[in-house]
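From first to last, the protein sequence lines are chains A and B.
Note that our numbering has the first sequence beginning at 1, numbered continuously upward.
Note that our numbering has the second sequence beginning at 1, numbered continuously upward.
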Amino acid sequence: MKNRDSFFPQLCRICFCCLAIWLGSMSVVFGQGVTGNDDPAFGEEQDIGLVSDPLEPINRAFYHFNDKLYFWAVKPVSQGYAYLIAEDVRMCVRSFLKNLLAPVRIVNNLLQGKVANSGVETARFVINSTLGIAGLADPAKNEFGLSPKDEDLGQTLGVYGVGEGIYICWPFFGPSNVRDTIGLAGDFFLSPVSYLAMSDAGAGVAVEAGREVNNTSLTLGDYEDFKESAIDPYVSLRDAYRQYRQKKIRDVAVGSDSVYISSSDRIEKIYVQNMPVPVSSELDSAPVLVDDFFVQVGTSVDAEQVLAMRQKLLAMDTEAVVKVYDRGDYKFYALQVPVGKKFEIAKQEEQRLCAAGFSEARVVQ
Amino acid sequence: MKNSNKWHLKFLSVIILVIAVSVLHQGISRAAAADPVVFVKDAVDEIISILQDEKLAGPSRKAERKSRVVTIIEKKFDFREMSMRALARHWKDRNPQEQDRFVSLFKKLLENTYIAKIDTYSGEKVVFKKAALQGSKAIVYSELVRKNVETPVNYMLKNSDDHWMVYDVEVEGVSLVNNYRTQFASILSKEDFAGLIARLEEKVNKGAAE
Chain A
1 MKNRDSFFPQ LCRICFCCLA IWLGSMSVVF GQGVTGNDDP AFGEEQDIGL VSDPLEPINR
61 AFYHFNDKLY FWAVKPVSQG YAYLIAEDVR MCVRSFLKNL LAPVRIVNNL LQGKVANSGV
121 ETARFVINST LGIAGLADPA KNEFGLSPKD EDLGQTLGVY GVGEGIYICW PFFGPSNVRD
181 TIGLAGDFFL SPVSYLAMSD AGAGVAVEAG REVNNTSLTL GDYEDFKESA IDPYVSLRDA
241 YRQYRQKKIR DVAVGSDSVY ISSSDRIEKI YVQNMPVPVS SELDSAPVLV DDFFVQVGTS
301 VDAEQVLAMR QKLLAMDTEA VVKVYDRGDY KFYALQVPVG KKFEIAKQEE QRLCAAGFSE
361 ARVVQ
Chain B
1 MKNSNKWHLK FLSVIILVIA VSVLHQGISR AAAADPVVFV KDAVDEIISI LQDEKLAGPS
61 RKAERKSRVV TIIEKKFDFR EMSMRALARH WKDRNPQEQD RFVSLFKKLL ENTYIAKIDT
121 YSGEKVVFKK AALQGSKAIV YSELVRKNVE TPVNYMLKNS DDHWMVYDVE VEGVSLVNNY
181 RTQFASILSK EDFAGLIARL EEKVNKGAAE
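See the structure below:
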């Protein structure tokens, strides 16, 4: 009996993975057919194409359903709740429920090969569950400086190149797409609330509804503002969801969790060929665009080491630039291969360089 | 659900605050023009101090605040550039009168929906991170801290005539201009340009009436 109990979720997990991969490969093909609304005149924008939305009539209906649900049920209940419960308490509840979902983030960081981030999430879980009193507080961030590394299966699938498929607006759950829906189904097995729901469906629904009310009580007014700003709220929401998820999947690309380059660092120079090109307040134009992607091959305070690595890359017919960062008392150098505006190409280049022995290669922006 | 349900709310409220906050700043000093972080940070700092100023608080000062804001926002945000980017390939098909009409309506829309929401400020902090500079463009990275949640906010700036102008704001990875571009493209795929203008007018008049 015990064996059967642990076997069943596992079987489900495997089935979901297979389904995910199969549907994902379909949606890649499906997605390609409808993208491509390029506007060459404004090529400097990262154009993510048009969303595929063949279900628009149904989606719109569900959007209106959710809209009414918010104004007629969620909002009044959340307002009453916010009136009764102090904000600090509601923030603790949010933090507690977020802590419960640590397994989702730990596993998905691992699945994406982000071993260090997975470790950070594990440490956060341990610290917040103990010192943070079952996750009510977040000492991991406030005292230990460990920021959450938010990952889910939808993002993991995206990192593996699975296309988003068609847009889906679910009743109750809101905007999603084929890939993220599969992701949610997979993550379901990593959420403790799911196991509660399996033994007592009512309790599971109550927890989810409670979370919705609690979180909404902390962001009251946001949805109203959103609707106010949009000309077509349905399209605005669809696009915002899409941009948000794409950015989440690319999160490696913003370089925010880079080990070497901190947020306060400023690029001082970029070496292209062997000539340094200053990138300073004079705004001399360097031949590399600021919003392009790069694959960072390595960083060092030793210029010679970086230049030697660059020679190795040149031997592989790969041009790289050296960015010089000034930290006041010392400088350091980052070797990066410019890869243009396409994230997919950047990812391919990252993998190629990894395979060629540059194990630290990673996409940055 | 956990990742797809709450984010748009956060995105919206934050974008509103951000624009509100950056918009209230008065005047652009020449010295600040060289550094985009200073350009944005000065503005935000001053705005926060204005928002916390009790003398300026209260609904009776709302109209005054708004008119002040409108004068300032014109110096900070390049609405023509934003309009061009939001209309994208439809922009060059329009004649100059149509373009001007669009710019003024788009500007009013942003003014009404965002600047009017300045009152929602409730002690949020803005932390400035790095700036990336290249050619005549810059990105200023910042974070808005709201109820223990950090939201990344990136300002896209362009340098012309030795001073910076913001042409897009990206909150949680969602670009304001791209979001409007998708909406405009969707409307223009079903209606003609006059139809879009009519919808904008309707929206702007409704917003002004409130």
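The C-beta atom is built at its ideal place from N, Cα and C for all residues, glycine as well.
- Interface with chain B (9 Å Cβ-Cβ cutoff): A/Glu87 is included.
- Within 8 Å of the CB of B/Glu172, the CB atoms of chain A belong to Tyr244 and Lys247, in sequence order along the chain.
- Partner residues in the beta bridge of A/Gln296, as assigned by DSSP, are A/Gln336 and A/Arg362.
- The closest CA to that of A/Gly183, considering only A/Pro148, A/Gly298 and A/Gly165, is found on A/Gly165.
- For B/Ser160, no Cβ of chain A is located within less than 9 Å of the residue's own Cβ.
- In this structure, A/Gln336 and A/Lys323 form a Cβ contact; the two beta carbons are roughly 6 Å apart against a cut-off of 8 Å.
- Within chain B, no residue has its CB atom less than 7 Å from the CB of A/Leu84, the nearest being about 18 Å off.
- In its chain, beyond the 5 residues on either side, Val177 have a beta carbon closer than 6 Å to the beta carbon of B/Arg85.
- Contact with chain B is absent for A/Arg124, since none of that chain's Cβ atoms lies less than 9 Å from the residue's Cβ.
- DSSP places A/Gly119 inside the alpha helix (DSSP H), whose first and last residues are Val115 to Thr130.
- Closest in alpha carbon position to A/Ala102, among A/Ser147, A/Ser52 and A/Asp180, is A/Ser147.
- Taking CB atoms only, A/Ser118 has no neighbour in chain B less than 9 Å away.
- From the beta-carbon of B/Arg65, no residue of chain A is found nearer than 8 Å; the closest lies around 17 Å away.
- With contacts defined as CB atoms closer than 9 Å, A/Leu237 and A/Val297 fail to qualify as a contacting pair.
- B/Glu124 is positioned such that its CB atom lies no closer than 9 Å to that of B/Pro152.
- For B/Ile187, the enclosing alpha helix (DSSP H) covers residues Leu176 to Leu188.
- DSSP, read as helix, strand or coil, puts B/Val38 in helix.
- DSSP, reduced to helix, strand and coil, places A/Leu190 outside both helices and strands of the structure shown, so it counts as coil.
- Interface annotation, A/Arg179: not in contact with chain B, CB-CB separation never under 9 Å.
- Comparing alpha-carbon positions, the option among A/Ala137, A/Phe226 and A/Leu153 lying closest to B/Asn148 turns out to be A/Ala137.
- Per the DSSP secondary-structure output, B/Ala138 pairs in a beta bridge with B/Leu133 and B/Leu157.
- Counting along the chain, A/Pro103 sits inside the alpha helix (DSSP H) bounded by residues Ala102 to Leu111.
- For A/Pro139, the enclosing alpha helix (DSSP H) has its first and last residue at Pro139 to Asn142.
- With at least 16 other beta carbons inside 10 angstroms of its own, A/Thr216 counts as buried.
- A Cβ-Cβ distance of about 5 Å is found for the pair A/Ile249 and A/Gln155, placing them in contact under the 8 Å criterion.
- Secondary structure note for A/Asn177: it is in no alpha helix (DSSP H), and the uninterrupted beta strand (DSSP E) holding it is Gly174 to Asn177.
- Looking at A/Tyr325, A/Val363 and A/Ala73, the one whose alpha-carbon comes closest to that of A/Phe343 is A/Val363.
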